Amino acid sequence: MKMENAVALEKKKYPDGITRTVIVITCITASLLELIDTTVVNVCLRHIAGSVGASTTDVAWVVTAYAISNVIIIPLSGMLAQLIGEKKYFTISILIFTFASFMCGNSTELWQLIVWRSIQGLGGGALMAQSQTILTTSFPPEKLNVATMIYGIGVATGPALGPMIGGLITDNYSWHWIFFINVPLGLFAAFASWLVVPNEKDKDLRHNIDWWGILFLAVGVGCLQYVLEEGNSKSWFDSNNIVLFSVFAVMGIVAFVIRETKIKAPAVNIRLLRHRNLSLGIFFNGIMGMLLYIAIYAFPLMAQINLGWTTTLSGFSLVPGAFMSIVGMGICKKALSCGYTPRTLMISGFLCTFIFGAWMCFQSPDSSWWGLFFPLLFRGLGIGLFMMPVLMMALEGFTGADLGQATGLTNMAKQLGGAIGLAVIGTRISDAQASYSSLLTSNITDYSMNSNNVMTGLTSILHGMGYNADAARMICYKIFDGEMMQQSSLLSYLASFRFLAVICIISLPLMLLLKKSKK
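So the sequence shown is numbered by numbering that gives the first Met the number 0: it starts at 0 and just counts up by one.
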């Protein structure tokens with residue numbers, strides 16, 4: 000069997016050099032469409048809420064609707080590509096994403112925006128997963144590392160560019176343009192895809208579509224994503240909705256697993272999880288998604304709320320880290336050519352991310368842009384060092400339909416990992432803020448020398464400004480209250496970075512279980 004596979008690989012004809020270059024550009028463009036859109040919308044939610052007359056709770060569905068449809072379609076992307084053809088599926092997905100983006104920009108009511116964001120998620124689910132599959136099947140093994148590095152450099156800039164672009168648009172233009180900017184890029188990517196992407200498909204699959212598997216997956220993963228997105232705002236299992244959707248999630252996932260292990264042509268081939276590196280690769284992709292989303296979520300909020308930065312400045316602060324990701328990709332290429340294993344690079348990347356998390360724990364309200372510059376560089380370097388090696392080790396040895404299935408599973412893990420990370424960190428920040436606020440309040444008493452000294456000093460200043468004793472005391476209490484809220488808020492965000500650092504350290508020993516890459 001191995002000999003047959005080797006012969007098949009030898010006979011396979013790869014696209015020529017120019018075509019491969021266009022394929023890389025197309026894959027990077029398609030992936031950036033989804034990556035930038037995922038992060039840019041979060042920055043503009045408050046502006047969208049004001050424009051459509053919605054509460055901050057209701058407008059969160061703009062993100063939730065996209066995430067639910069996205070996470071459902073990602074694991075099915077391999078099957079759909081085999082069913083209708085790689086070229087058709089990839090191009091149609093780009094066009095769906097592009098058209099939905101245009102309609103999102105033209106939405107005037109919240110329900111319209113939510114509907115089109117759901118459709119946008121259905122198109123966006125294929126962009127990352129199929130880009131990776133197309134890239135892997137378009138290059139001979141000896142040139143794949145270079146192509147993967149170039150692709151990685153391109154997509155590594157996405158999460159950093161998103162907040163920056165969102166900040167610029169939010170501060171200077173209308174929020175509608177965060178969707179309109181996708182249209183020209185999407186049309187270019189769709190045209191290029193139709194020209195250069197091969198149209199491989201499985202002719203026998205059309206008669207064996209696993210409808211039940213698709214249904215169980217949609218119910219299980221969709222409900223799980225809803226629970227993760229909405230759980231914190233609804234006090235988790237104190238809400239009947241969260242309990243109900245949790246039950247549906249468990250039932251759907253259990254039914255899906257049972258179904259997929261018993262039929263010959265499953266919608267998602269979970270039998271591939273027997274491969275140790277793929278199983279661990281899926282786990283580490285989940286961890287990677289968690290680490291990426293925690294930082295992207297917590298840092299801009301901390302910078303804007305506690306440090307007084309503008310949306311644009313907080314977005315720009317992530318750009319140097321994006322360039323360090325490019326440096327990390329270059330180090331990966333050189334290290335792999337010198338005989339270092341992907342596992343070694345993954346460990347190095349997680350250590351860099353740990354340094355970022357640990358360093359962020361020591362920030363204060365007086366932290367400057369330069370004080371945050373260097374820890375963010377370590378974060379960028381860490382991303383560059385572990386992003387591609389994780390994918391390489393997970394997908395090594397897979398070809399054809401199995402490669403598409405494995406890619407879909409790893410991308411779903413990354414999406415769910417990000418959702419889990421945001422759910423955990425959202426709860427962690429809320430609980431920590433309440434805890435720190437209570438702790439700080441307990442130190443302000445009539446018996447505290449420090450608080451009494453500060454109170455006396457402030458009261459004297461206010462007396463000098465013409466305030467009477469009662470008014471001065473009330474103003475002092477308001478100042479104390481505001482300062483405590485500020486301090487407890489900052490401490491809660493620092494706790495989220497501490498959580499990130501702990502996750503990195505806990506994950507390191509598990510990397511030793513990965514099998515060494517076969518050169």
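Cβ coordinates follow ideal geometry from the N, Cα and C atoms, glycine included. From a predicted model like this one, the values you see are computed outputs, not experimental measurements.
In the structure shown, T20 adopts helical secondary structure according to DSSP, grouped into three states. M464 sits in coil when the DSSP states are folded into three classes, being neither helix nor strand. Between the region 78 to 95 and the region 122 to 129, the count of Cβ pairs shorter than 8 Å is three or higher; the stretches touch. Taking 8 Å as the cut-off, the beta carbon of A393 is found closer than this to the beta carbon of N284. Considering only G230, Y292, A302, L375, the residue with the shortest C-alpha distance to S363 is A302. Separation of A188 and T90 (C-alpha to C-alpha, rounded to the nearest whole angstrom) is 8 Å. For N69, the enclosing alpha helix (DSSP H) stretches over residues 60 to 72. For P341, the closest alpha carbon among the candidates A297, M391, P183 is that of M391.
The three-state secondary structure of H175, taken from DSSP, is coil. Below 8 Å, enough C-beta pairs join the region 142 to 156 and the region 381 to 390 to call them touching: three or more.
K142 counts as exposed, since fewer than 16 other beta carbons sit within 10 angstroms of its beta carbon. Shown here, F138 sits in coil according to DSSP, grouped into three states, outside any helix or strand. Given a length threshold of 3 residues, the region 316 to 359 has no whole run of the beta strand (DSSP E) inside it. In the three-state DSSP reduction, Q362 falls in the coil class, being neither helix nor strand. Here the alpha carbons of W368 and A80 stand approximately 45 Å from one another. In the three-state reduction of the DSSP assignment, L184 falls in the helix class. According to the DSSP assignment, V196 belongs to no alpha helix (DSSP H), since it is labelled neither H nor E. Per DSSP, the continuous alpha helix (DSSP H) segment holding P299 begins and ends at 275 to 304.
Membership of P388 in the alpha helix (DSSP H) is indicated by the continuous run 368 to 394. Judged by DSSP in its simplified three-state form, N231 adopts coil rather than helix or strand. In the DSSP annotation of this structure, the continuous segment of the alpha helix (DSSP H) that includes S245 starts and ends at 239 to 261.
Between I118 and A99, the gap from beta carbon to beta carbon is short of 8 Å. Here P374 is buried, its C-beta having at least 16 other C-beta atoms within 10 Å. Straight-line spacing of the CA atoms in F377 and K413 works out to 21 Å. Looking at R427, P74, S137, the one whose alpha-carbon comes closest to that of V220 is P74. Taking L490 as the centre and dropping the five residues before and after it, the same chain places the C-beta of A431, Q432, Y435 closer than 8 Å to its C-beta, in chain order.
By the criterion of a C-beta distance shorter than 6 Å, F397 is surrounded in its chain by A405, once the five residues flanking it on both sides are discounted. An exposed status is given to D365, since fewer than 16 other beta-carbon atoms sit within 10 Å of its beta-carbon.
Per the C-alpha coordinates, the member of F236, T310, W210, K233 positioned closest to I262 is W210. Counting of Cβ neighbours within 10 angstroms places P139 among the exposed residues, the total staying below 16. Under the three-state reduction of DSSP, A433 is assigned to helix. Between the alpha carbons of T343 and A321 lies a distance of about 21 Å. For the set V246, I177, I257, the Cα lying nearest the Cα of G212 is the one of I257.
Excluding its 5 nearest sequence neighbours in each direction, N198 has C-beta neighbours in its own chain below 8 Å: G84, E85, K86, K87, listed in chain order. In this structure, DSSP gives C43 a state outside helix and strand, which the three-state scheme calls coil.
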